[in-house]
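Engineer: Heads up: the sequence shown is residues -3 to 519, going by this note's numbering. Each residue gets a CB set at the ideal place from its N, CA and C atoms; glycine is no exception.
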Amino acid sequence: MPREPDSISSNKLQVMRALGERMFDTHPHRIEILESELDAFLREEQRYSVFSKPRNPNTARKSRKQLGARSYTSASSTYFDATFTCVCSCSGKYRQHPRHENVSPKKRRITGGGNASSKVSCPAKIVIRVQAPILQSEASSASSDSSSPSSSTGREDIPPSASQPSQLSGPPREDSLIDIEYYWKHEGHPVGTIESMARQRNIPEVRRWIEEQVRAKHSVKEIMASIRLEMEELSTIVVQASTNTASTTAQISASIRVRYHDVANAVRRLKNTYARLAPDAMQSLRLWCQRLRSEGWSAEFIHDTSISASSEPVWAFFMMPAWARAEFAEVGSSVWCIDSTHKTGKGAVKDEKIFLTTIVVRSQTTGSGLPLAFMITTSETQLPLARFLSWLRPNVPVPSDVMIDCSPAERAAIESAFASASSPPRVLLCQWHILRAWDDNVRDKIRVAGTDEISKVKASELQATCKAQLRDMMRASDSETFEQLKIKFLQTWRETYPGFVKYFETEWLVKRTPALWANAFRK
-3 MPREPDSISS NKLQVMRALG ERMFDTHPHR IEILESELDA FLREEQRYSV
47 FSKPRNPNTA RKSRKQLGAR SYTSASSTYF DATFTCVCSC SGKYRQHPRH
97 ENVSPKKRRI TGGGNASSKV SCPAKIVIRV QAPILQSEAS SASSDSSSPS
147 SSTGREDIPP SASQPSQLSG PPREDSLIDI EYYWKHEGHP VGTIESMARQ
197 RNIPEVRRWI EEQVRAKHSV KEIMASIRLE MEELSTIVVQ ASTNTASTTA
247 QISASIRVRY HDVANAVRRL KNTYARLAPD AMQSLRLWCQ RLRSEGWSAE
297 FIHDTSISAS SEPVWAFFMM PAWARAEFAE VGSSVWCIDS THKTGKGAVK
347 DEKIFLTTIV VRSQTTGSGL PLAFMITTSE TQLPLARFLS WLRPNVPVPS
397 DVMIDCSPAE RAAIESAFAS ASSPPRVLLC QWHILRAWDD NVRDKIRVAG
447 TDEISKVKAS ELQATCKAQL RDMMRASDSE TFEQLKIKFL QTWRETYPGF
497 VKYFETEWLV KRTPALWANA FRK
């Protein structure tokens, strides 16, 4: 059922943040409450300043299946005694992460480094001391029910129950009094102002709301539109910011802090959660293959040395939806376009490159390109592509023409896969890729000595003339015209720019013959 136009606007973020600094008579401020009241207390304090989740620094971060790991059984202590700490989001110091040397400087994010970091060693924190009797029967059942590690994390998680009075981790226990020490004095950053909200992270309620919207399949654009403030709210914010009249009773919508990247990061994080069907990447791909087959797709996953140019195994994933067979059988689908997209995602290991190969035909309905079959692999060699095309052959008709970019590996793979066909397809090179390669080399190899304006103008005119002659050669209507233009071109440029002529002859007359790219031979 289509979503109503105002459905996203009716689900606006209702979380409010408090303006003004939280202050008490003593520092640290000590209180004693029931553990069941802790979550409400933390939510209220998050309205003033952002704190981390309660963490127990003494908890061993290891699976309880390991030797010596702590577990709660009937033989354990009858009391759960632990200290948890919630630190200010501005605590700690800025850490310079190592840069990836392979990343182009143009693509590196400019963050401002330590000057723009919210980490200013703020000492504010909330210390929670728990001393509660353990519910022995539930602790034993929880230990036995969850004795095996989680399939996704490899760690044991005690399931939540009515005997878990708060979000604090640990065994099932009674709802008892807990001691809280609230170090409420912040340092190094403002508190309770619009400026402080802009520097700190979103509070947990806001992050949960964003994830709920993403799970509801709302787009980033829709989510950002739903948090747009009304003019009355914006006017109030402007007045408060200009007069600095914040108080402990003033409130402001938490949506003012939400940024585009907050939503985009949630989308990416949940995509990773849905995409990984198993912790091991290879097992996850095998499970995806099984799922696609159960949904009617044609799919195959390969992970061995048969598609590798070395002794190391290579993996490849082939897939084609069920409806694609009918599209391949259409008369107008006899011309394939094979496109390879580099670095389309993250690999199974760090710095592993992923390549997506797509077979596109012209849709008989829309007249535009229609992707029908896909291959994902980590190898740039011809072997995975040849295997992919061989896998397709029994299911679809042999094409009459296959258009590719300037890749010799793709051409070799096509010739290998269709070598046994009664009428192998012609391989054509994409003229857009060719013109781009020519333009780059013309700018690099056809120059005029001198840096003055006259030399620059003359070089620009020569480059324009050369490009025009190359285009005329590519678009020649017959082979005779092509030969005449080719001879004239070589004679014109050989004496003055032999480097470019050598490049043209080597790359576009020998390695890639004119039959692959000139219109005169595409009858």
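For the stretch 304 to 323 and the stretch 383 to 395, state whether three or more C-beta atom pairs, one from each stretch, are separated by less than 8 Å.
Structural biologist: Yes, the stretch 304 to 323 is in contact with the stretch 383 to 395.
Engineer: Any beta carbon of chain C sitting closer than 8 Å to that of leucine 225?
Structural biologist: The structure shown contains no chain C, having only a single protein chain.
Engineer: Pick helix, strand or coil for alanine 295, following the three-state DSSP scheme.
Structural biologist: Three-state DSSP puts alanine 295 in a strand.
Engineer: With distances taken Cα to Cα, identify the nearest neighbour of tryptophan 311 among Val327, Ile174, Pro510 and Glu376.
Structural biologist: Nearest option by C-alpha distance: Glu376.
Engineer: Within 8 Å, do at least three Cβ pairs link the stretch 251 to 271 to the stretch 196 to 215?
Structural biologist: Judged by Cβ distances under 8 Å, the stretch 196 to 215 makes contact with the stretch 251 to 271, as three or more pairs qualify.
Engineer: Going by beta-carbon coordinates alone, are serine 48 and valine 83 separated by less than 8 Å?
Structural biologist: Contact flag set, yes.
Engineer: So the candidates are Gly328, Lys342, Thr353 and Val327; which of them puts its Cα closest to the Cα of aspartate 520?
Structural biologist: Missing from the structure shown is residue 520; the chain here goes from -3 to 519 and no further.
Engineer: Per the DSSP calculation, cysteine 84 is bridged to which residue(s)?
Structural biologist: Answer by DSSP bridge pairing, in chain order: Phe47.
Engineer: Rounded to whole angstroms, what's the CA-CA distance from glutamine 209 to arginine 39? Just pull it up for me.
Structural biologist: Near 21 Å, if we compare the C-alpha coordinates of arginine 39 and glutamine 209.
Engineer: Quick test of the definition: if touching needs 3 or more C-beta pairs under 8 Å, does the stretch 399 to 407 touch the stretch 451 to 462?
Structural biologist: No, because fewer than three Cβ pairs between the stretch 399 to 407 and the stretch 451 to 462 fall closer than 8 Å, the two stretches do not touch.
Engineer: Give every residue of the same chain whose Cβ lies closer than 6 Å to the Cβ of arginine 43, excluding the five residues on either side of it in the sequence, and list them in chain order.
Structural biologist: Same-chain partners within the cutoff: Arg13 and Ala14.
Engineer: Exposed or buried, alanine 212, counting other C-beta atoms within 10 Å across all chains shown (16 or more means buried)?
Structural biologist: It is exposed - the Cβ of alanine 212 has fewer than 16 other Cβ atoms within 10 Å.
Engineer: Relative to the C-alpha of methionine 227, which residue among Arg204, Ser249 and Pro129 is closest?
Structural biologist: Closest option to methionine 227, Cα to Cα, is Ser249.
Engineer: In terms of residues, what are the limits of the alpha helix (DSSP H) holding glycine 495?
Structural biologist: Where glycine 495 is concerned, the enclosing alpha helix (DSSP H) stretches over 494 to 501.
Engineer: Between the stretch 354 to 367 and the stretch 289 to 302, are three or more C-beta pairs nearer than 8 Å?
Structural biologist: Short answer: they don't touch.
Engineer: For isoleucine 278, which of Arg289, Val126 and Val345 has the nearest alpha-carbon?
Structural biologist: Rather than isoleucine, the amino acid found at residue 278 in this sequence is methionine. Nearest option by C-alpha distance: Val345.
Engineer: Which of helix, strand or coil does DSSP assign to valine 356?
Structural biologist: Three-state DSSP puts valine 356 in a strand.
Engineer: Taking a contact to mean a Cβ-Cβ separation below 8 Å, would you say alanine 271 touches leucine 283 in this structure?
Structural biologist: Against a cut-off of 8 Å, the Cβ pair of leucine 283 and alanine 271 comes out as no contact.
Engineer: Nearest CA to the CA of serine 542: which residue from Phe80, Gly16, Gly341 and Leu379?
Structural biologist: Lying outside -3 to 519, the shown extent of the chain, residue 542 is not represented and no answer is given.
Engineer: Should glutamine 160 go down as buried or exposed, given a rule of 16 or more other Cβ atoms within 10 Å for buried?
Structural biologist: Glutamine 160 comes out buried.
Engineer: Taking glutamine 427 as the reference, which of Asn54, Gly365, Arg467 and Met316 has the closest Cα?
Structural biologist: Of Asn54, Gly365, Arg467 and Met316, the residue nearest in Cα terms is Arg467.
Engineer: Going straight from the alpha carbon of serine 359 to that of leucine 366, what length do you get?
Structural biologist: Straight-line Cα distance between these residues: approximately 6 Å.
Engineer: Mind checking which residues open and close the beta strand (DSSP E) that includes phenylalanine 313?
Structural biologist: Unbroken beta strand (DSSP E) run through phenylalanine 313: 310 to 316.
Engineer: If I measure Cβ to Cβ from threonine 337 and keep anything under 6 Å in the same chain, skipping five residues before and after, which residues do I get?
Structural biologist: The residues are Leu352.
Engineer: Please list the segments of the alpha helix (DSSP H) lying wholly inside the stretch 405 to 482, counting only runs of 4 or more residues, in order along the chain.
Structural biologist: Runs found: 427 to 441 and 449 to 470.
Engineer: How would you label arginine 407, buried or exposed, when you count the other beta carbons within 10 angstroms and need 16 or more for buried?
Structural biologist: Arginine 407 is buried by the Cβ-count criterion.
Engineer: Could you tell me the alpha carbon to alpha carbon distance between valine 438 and methionine 316, rounded to whole angstroms?
Structural biologist: One C-alpha to the other measures close to 41 Å.
Engineer: Which residue or residues does DSSP assign as beta-bridge partners of tryptophan 332?
Structural biologist: Partner(s): Val398.
Engineer: What do you reckon, are the CB atoms on serine 162 and glutamate 31 nearer than 8 Å?
Structural biologist: It is a contact, given that the beta carbons lie within the stated cut-off.
Engineer: Bridge partners for histidine 338 per DSSP, in chain order?
Structural biologist: Phe351, per the DSSP bridge assignment.
Engineer: What is the DSSP secondary structure of glutamate 177, reduced to helix, strand or coil?
Structural biologist: The answer is strand: DSSP assigns glutamate 177 an E or B state.
Engineer: If you count every other CB in all the chains shown that lies within 10 Å of the CB of leucine 173, and 16 or more means buried, which is it?
Structural biologist: Looking at its Cβ environment, which holds fewer than 16 other Cβ atoms inside 10 Å, leucine 173 is exposed.
Engineer: How many Å lie between proline 145 and glutamine 132 at the Cα?
Structural biologist: Because the pLDDT at proline 145 is just 40, under 50, the model does not fix this residue reliably, and the value given afterwards should be weighed accordingly. Looking at the two C-alpha atoms, the distance is approximately 21 Å.
Engineer: Measuring only the C-alpha atoms, how far is tyrosine 75 from aspartate 175?
Structural biologist: Spanning the two alpha carbons is a distance of roughly 15 Å.
Engineer: With distances taken from CA atoms, which of Phe384, Phe370 and Glu326 is nearest glycine 363?
Structural biologist: For glycine 363, the nearest C-alpha among the options comes from Glu326.
Engineer: Does DSSP classify proline 367 as helix, strand or coil?
Structural biologist: In the structure shown, proline 367 sits in a strand (DSSP, three-state: E or B).
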